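These notes are about the structure you will find just below.
In our numbering, the protein residues as written are 140 to 409.
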């Protein structure tokens, strides 16, 4: 369910929730420790979302929600991350969550021995990047996050001598397999590190559950009703083929979480 804790529903509004939506809201509340100095829910992200909606309308769905931000921050702590790579900046919500999580890990901001800040975030859009940079300043985390604009496939080649403890991929869905292979082939994820791939189970993707890969032009998706049309059939097939590829890859272990439009966690086994 998509909502933020800052919505603070009233008692009467809560009584209108479905049990699934109420469970999601309860889980977000139960996961938020607001007593720590670098809070689990950064105080500025609600404003970031509102401005994103005002400027980009429906594209605002690309921003992660509070529960996903809390979850990903928890994973940063779980692997003891010191350096993070993000592919897909948008307006900066996820990077702000990551920066707060690094603060809780005791990581200092600023340029380190690699010549980079602790979080490197890649985006194809200079417009998105500039908005994100402004949001990082507002959140007090600009010394933690460096945004590089350009084709991520080319940028990754320039970063191939670096390693990261957590890599979050939330960009061009058709390129997920290329990103994955580049990152693994160049040893860019540390041995105990973690990949997070977002949006791996859009409705149009899971309708291909019976399709073998590579998916043939004759393959027919299931007829299960769905109104979601956030991606094309071509991209749905590319994501299904990516999911099958990593599921069968002996180099990694995979678990897909059926949250939002799918969140896949991947760790190295070799």
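Every residue, glycine too, gets a C-beta built ideally from N, C-alpha and C. All values derive from a computational prediction rather than experimental measurement.
(request) Over the uninterrupted beta strand (DSSP E) stretch that includes residue 398, give me the two end residues. (result) For the purposes of this step, residue 398 is taken as the residue at position 259 of the chain shown. Counting along the chain, residue 398 falls outside any beta strand (DSSP E), and DSSP gives it neither H nor E.
(message) Using only the alpha-carbon positions, how far apart do residue 141 and residue 276 sit?
(response) Position 2 of the chain shown, counting from 1, holds the residue named residue 141. Position 137 of the chain shown, counting from 1, holds the residue named residue 276. Low confidence applies to residue 141: its pLDDT is 48, below 50, so where it sits in the model is not reliable enough to give any reading.
(message) For a quick check, are the C-beta atoms of residue 286 and residue 260 less than 8 Å apart?
(response) Translated into the one-based positions of the chain shown, residue 286 becomes position 147. Translated into the one-based positions of the chain shown, residue 260 becomes position 121. Contact: yes.
(request) Please name the residue, chosen from 305, 196, 159, 337, that lies closest to residue 326 on a Cα-to-Cα basis. (result) By 1-based counting over the chain shown, the position of residue 326 is 187. Cα-wise, what sits closest to residue 326 is 305.
(request) Work out the CA separation of residue 210 and residue 166 for me, nearest whole Å. (result) Within the chain shown, numbered from 1, the residue matching residue 166 stands at position 27. Within the chain shown, numbered from 1, the residue matching residue 210 stands at position 71. Taking the straight line from one Cα to the other gives about 11 Å.
(request) Could you tell me whether the Cβ atoms of residue 342 and residue 402 are closer together than 8 Å? (result) The residue given as residue 342 occupies position 203 in the chain shown. The residue given as residue 402 occupies position 263 in the chain shown. The answer is no: Cβ separation not under 8 Å.
(request) Would you kindly work out how many angstroms separate the C-alpha atoms of residue 169 and residue 179, rounded to a whole number? (result) In the chain shown, residue 169 corresponds to position 30, counting from 1. In the chain shown, residue 179 corresponds to position 40, counting from 1. Distance between the alpha carbons of residue 169 and residue 179 is about 11 Å.
(message) On the criterion of 16 or more Cβ atoms from any shown chain inside 10 Å, does residue 239 qualify as buried, or is it exposed?
(response) Taking the chain shown and counting its residues from 1, the one referred to as residue 239 is at position 100. Looking at its Cβ environment, which holds 16 or more other Cβ atoms inside 10 Å, residue 239 is buried.
(request) Less than 8 Å between the CB atoms is what I'm expecting for residue 225 and residue 237, so what's the real figure, rounded? (result) Numbered from its first residue, the chain shown carries residue 225 at position 86. Numbered from its first residue, the chain shown carries residue 237 at position 98. At roughly 7 Å, the Cβ-Cβ gap stays under 8 Å, so residue 225 and residue 237 are in contact.
(message) Which residue marks the beginning of the beta strand (DSSP E) containing residue 304, and which one marks its end?
(response) Here the question's residue 304 lines up with position 165 in the chain shown. Where residue 304 is concerned, the enclosing beta strand (DSSP E) stretches over 303-308.
(request) Counting only the same chain and skipping the five closest in sequence on each side, list residues whose C-beta sits under 6 Å from that of residue 278. (result) Indexing the chain shown from 1 puts residue 278 at position 139. Only 181, 183, 235 meet the Cβ criterion.
(message) Less than 8 Å between the beta carbons of residue 303 and residue 339, yes or no?
(response) If you number the chain shown from 1, residue 303 lands on position 164. If you number the chain shown from 1, residue 339 lands on position 200. In this structure, residue 339 does not lie closer than 8 Å to residue 303 by Cβ.
(message) Alpha carbons only, please: which of 191, 404, 379, 357 is nearest the one belonging to residue 391?
(response) Numbered from its first residue, the chain shown carries residue 391 at position 252. That would be 404, whose Cα lies nearest to the Cα of residue 391.
(message) Going by DSSP in three states, residue 294 sits in which element: helix, strand or coil?
(response) As a working mapping, residue 294 is identified with position 155 in the chain shown. In the structure shown, residue 294 sits in a helix (DSSP, three-state: H, G or I).
(request) Taking only runs that begin and end inside the stretch 217-289, name each unbroken beta strand (DSSP E) of 3 or more residues, in chain order. (result) 223-226, 258-262, 284-288
(message) If you measure between the beta carbons of residue 315 and residue 361, is that distance less than 8 Å?
(response) By 1-based counting over the chain shown, the position of residue 315 is 176. By 1-based counting over the chain shown, the position of residue 361 is 222. Against a cut-off of 8 Å, the Cβ pair of residue 361 and residue 315 comes out as no contact.
(request) Check residue 370 in the structure and name its three-state DSSP category. (result) To locate residue 370, count along the chain shown from 1; it is residue 231. Coil.
(request) Would you mind stating whether residue 187 and residue 231 have Cβ atoms separated by less than 8 Å? (result) For the purposes of this step, residue 187 is taken as the residue at position 48 of the chain shown. For the purposes of this step, residue 231 is taken as the residue at position 92 of the chain shown. Yes, they are a contact pair.
(request) Identify, in the order they occur along the chain, each residue of the same chain with its Cβ nearer than 6 Å to the Cβ of residue 281, setting aside the five sequence neighbours on each side. (result) Position 142 of the chain shown, counted from the first residue, corresponds to residue 281. Cβ within range, chain order: 275.
(message) Let's test the definition: count the other Cβ atoms within 10 Å of the Cβ of residue 233 and tell me whether it reaches 16, buried, or not, exposed.
(response) For the purposes of this step, residue 233 is taken as the residue at position 94 of the chain shown. It counts as buried.
(message) Taking the straight line between their C-alpha atoms, what separation do you get for residue 310 and residue 201?
(response) One-based indexing of the chain shown puts residue 310 at position 171. One-based indexing of the chain shown puts residue 201 at position 62. Rounded to whole angstroms, residue 310 to residue 201 spans 9 Å at the Cα level.
(message) With distance defined between alpha-carbon atoms, name the residue in 258, 293, 344 nearest to residue 307.
(response) Locating residue 307 in the chain shown gives position 168, where the first residue counts as 1. Out of 258, 293, 344, 258 has the C-alpha closest to the C-alpha of residue 307.
(message) Taking the beta strand (DSSP E) that residue 361 belongs to, which residues open and close that run?
(response) Counting from one through the chain shown, the residue named residue 361 turns up at place 222. Element bounds for residue 361: n/a, residue is neither H nor E.
(message) In whole angstroms, give me the CA-to-CA distance for residue 148 and residue 155.
(response) Translated into the one-based positions of the chain shown, residue 148 becomes position 9. Translated into the one-based positions of the chain shown, residue 155 becomes position 16. Between residue 148 and residue 155, the C-alpha separation is close to 10 Å.
(request) Measure the alpha-carbon distance for residue 157 versus residue 300 and round it to whole angstroms. (result) Residue numbering aside, residue 157 sits at position 18 when the chain shown is read from its first letter. Residue numbering aside, residue 300 sits at position 161 when the chain shown is read from its first letter. If you take the alpha carbons of residue 157 and residue 300, they lie about 49 Å apart.
(message) Cutting at 7 Å between CB atoms, please list the residues of its own chain near residue 385, excluding the five before and the five after it.
(response) In the chain shown, residue 385 corresponds to position 246, counting from 1. So the list reads 319, 391, 393, 405, once near-sequence residues are dropped.
(request) State the start and end residues of the unbroken beta strand (DSSP E) segment that holds residue 332. (result) Position 193 of the chain shown, counting from 1, holds the residue named residue 332. Residue 332 -> beta strand (DSSP E) spans 328-337.
(request) Under 8 Å Cβ to Cβ from residue 349, same chain only, skipping five residues before and after it: list those, please. (result) Here residue 349 corresponds to residue number 210 of the chain shown, with the count starting at 1. Cβ within range, chain order: 361.
(message) On the criterion of 16 or more Cβ atoms from any shown chain inside 10 Å, does residue 359 qualify as buried, or is it exposed?
(response) Taking the chain shown and counting its residues from 1, the one referred to as residue 359 is at position 220. So residue 359 counts as exposed.
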